[in-house]
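Enquirer: Supplied in structure tokens, the structure appears directly below.
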Amino acid sequence: MQKVAILGGTFDPVHYGHLLMAQIAVGQVAIDRVVWAVDRTPPHKSHSVLASFEQRREMVALATAGRPDFGLLPLDTNLSATGAIDSLLYLQNLYPEAQLYWIIGADAFQTLAKWPRCREIGGLCEWLVAGRETAGVDVGLMGRSIDSAGDDDMLVRTQTVCSVVATQMAVRGVQIRWQVLAMPAIEVSSSLIRCYYNEGRAIGHLVPKAIETYIMTHQLY
1 MQKVAILGGT FDPVHYGHLL MAQIAVGQVA IDRVVWAVDR TPPHKSHSVL ASFEQRREMV
61 ALATAGRPDF GLLPLDTNLS ATGAIDSLLY LQNLYPEAQL YWIIGADAFQ TLAKWPRCRE
121 IGGLCEWLVA GRETAGVDVG LMGRSIDSAG DDDMLVRTQT VCSVVATQMA VRGVQIRWQV
181 LAMPAIEVSS SLIRCYYNEG RAIGHLVPKA IETYIMTHQL Y
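Below, the structure written as structure tokens:
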């Protein structure tokens with residue numbers, strides 16, 4: 001059975017953390033295809049999204065170029081752009097025989113029980129929740145190794161978050177499936193990249209060269 005995972009986000013901009021999360025999911029779970037879903041304007045970030053939907057989508061396309069197992073969610077005029085929830089339902093119709101997964105960070109996952117239509121969406125996929133700590137991970141995307149910070153508490157906390165969310169969803173009558181992705185400790189976020197770039201600091205260690213060039217060419221952030 002084909003395994004298809006969705007990775008949704010604002011990607012303002014896409015960075016090595018996003019790419020590593022997808023790469024680890026492919027290796028750990030044997031995902032056949034990761035479909036990237038770019039949110040147009042998430043309600044909770046409506047005042048902080050600086051690049052347009054088209055620009056953010058173009059950056060994801062650049063960042064995932066050369067990876068046949070990575071692809072963008074097809075643009076469809078009948079698909080509402082209210083976020084990754086609609087995108088997952090769209091994928092269910094697009095890949096009716098596939099096993100679906102959702103790649104997500106622990107911070108976002110812990111709010112699952114508060115999502116609109118959480119009962120509908122919770123059991124449709126297996127949740128791959130990104131942890132922060134692992135030992136000696138070779139980050140091929142960045143051409144260097146990242147050593148574990150030696151703090152196993154992060155992994156334990158991530159597992160605890162997942163267990164709590166599973167209990168919250170069970171109370172709502174939904175049994176969810178989840179596993180923690182073995183993520184290294186990486187200090188990278190889209191907001192950090194925007195801040196660095198705005199201050200004239202280097203961002204080449206945080207994003208692929210194509211993304212750095214795109215940001216400079218289009219004078220983003």
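Numbering (UniProt numbering), first residue to last: 1 to 221. All C-beta atoms, glycine included, are put in the ideal place defined by N, C-alpha and C.
Quick one, which of A210, Q159 and F70 has its alpha-carbon nearest L62's?
Expert: Comparing Cα positions, the closest option is A210.
Enquirer: Could you name the residues of the same chain whose beta carbon sits closer than 6 Å to that of A37, not counting the 5 residues immediately before and after it, in chain order?
Expert: Excluding sequence neighbours, A37 sits near I6, G8, L73, A84 and S87.
Enquirer: State the start and end residues of the unbroken beta strand (DSSP E) segment that holds F53.
Expert: F53 -> not in any beta strand (DSSP E); alpha helix (DSSP H) instead, spanning F53 to T64.
Enquirer: Quick one: what's K114 bridged to in DSSP?
Expert: Bridge partners of K114: none, in fact.
Enquirer: Candidates T160, T111 and M169: which alpha carbon is nearest G123's?
Expert: That would be M169, whose Cα lies nearest to the Cα of G123.
Enquirer: Look up V34 in the DSSP assignment and give the residues it is bridged to.
Expert: Its beta-bridge partners are A5 and F70.
Enquirer: Just verifying my parser: in three-state terms, what is the DSSP assignment at G17?
Expert: In this structure, G17 counts as helix in the three-state DSSP scheme.
Enquirer: Short of 7 Å in beta carbon distance, which residues of its chain neighbour R119, apart from the five on each side in sequence? Order them along the chain.
Expert: Within the same chain, R119 has close Cβ partners R172, G173 and V174.
Enquirer: In the structure shown, what three-state DSSP assignment does A130 receive?
Expert: Strand.
Enquirer: By the DSSP assignment, the alpha helix (DSSP H) with R157 in it spans what residues?
Expert: Counting along the chain, the alpha helix (DSSP H) containing R157 begins and ends at D153 to V171.
Enquirer: Looking only at its chain, what residues have a beta carbon closer than 7 Å to the beta carbon of S52, apart from the 5 residues adjacent to it on each side?
Expert: Cβ within range, chain order: n/a, list empty.
Enquirer: Quick one: Cα of M1 to Cα of Y101, how far?
Expert: Cα to Cα, M1 sits roughly 13 Å from Y101.
Enquirer: For L181 versus A130, is the C-beta distance shorter than 8 Å?
Expert: Contact flag set, yes.
Enquirer: How should M216 be labelled, buried or exposed, when 16 other C-beta atoms within 10 angstroms of its C-beta is the threshold for buried?
Expert: Looking at its Cβ environment, which holds fewer than 16 other Cβ atoms inside 10 Å, M216 is exposed.
Enquirer: Beta carbon of W127, beta carbon of I203: below 8 Å?
Expert: No. Outside cutoff.
Enquirer: For C125, which of D12, A106 and A98 has the nearest alpha-carbon?
Expert: The residue with the shortest Cα to Cα distance from C125 is A98.
Enquirer: Are the beta-carbon atoms of Y221 and N198 separated by less than 8 Å?
Expert: Yes. Within cutoff.
Enquirer: Which one of K3, V4 and H15 has the shortest CA to CA distance from M191?
Expert: Note that residue 191 is Ser in the sequence shown, not Met. Among K3, V4 and H15, the Cα nearest to that of S191 is on H15.
Enquirer: Could you tell me the alpha carbon to alpha carbon distance between R117 and Y90, rounded to whole angstroms?
Expert: Cα to Cα, R117 sits roughly 14 Å from Y90.
Enquirer: Would you identify the three-state DSSP class for Q219, choosing helix, strand or coil?
Expert: Three-state DSSP puts Q219 in coil, outside helix and strand.
Enquirer: Report the three-state DSSP secondary structure of Q175 (helix, strand or coil).
Expert: Coil.
Enquirer: Please state the DSSP three-state secondary structure of G122.
Expert: Helix at G122.
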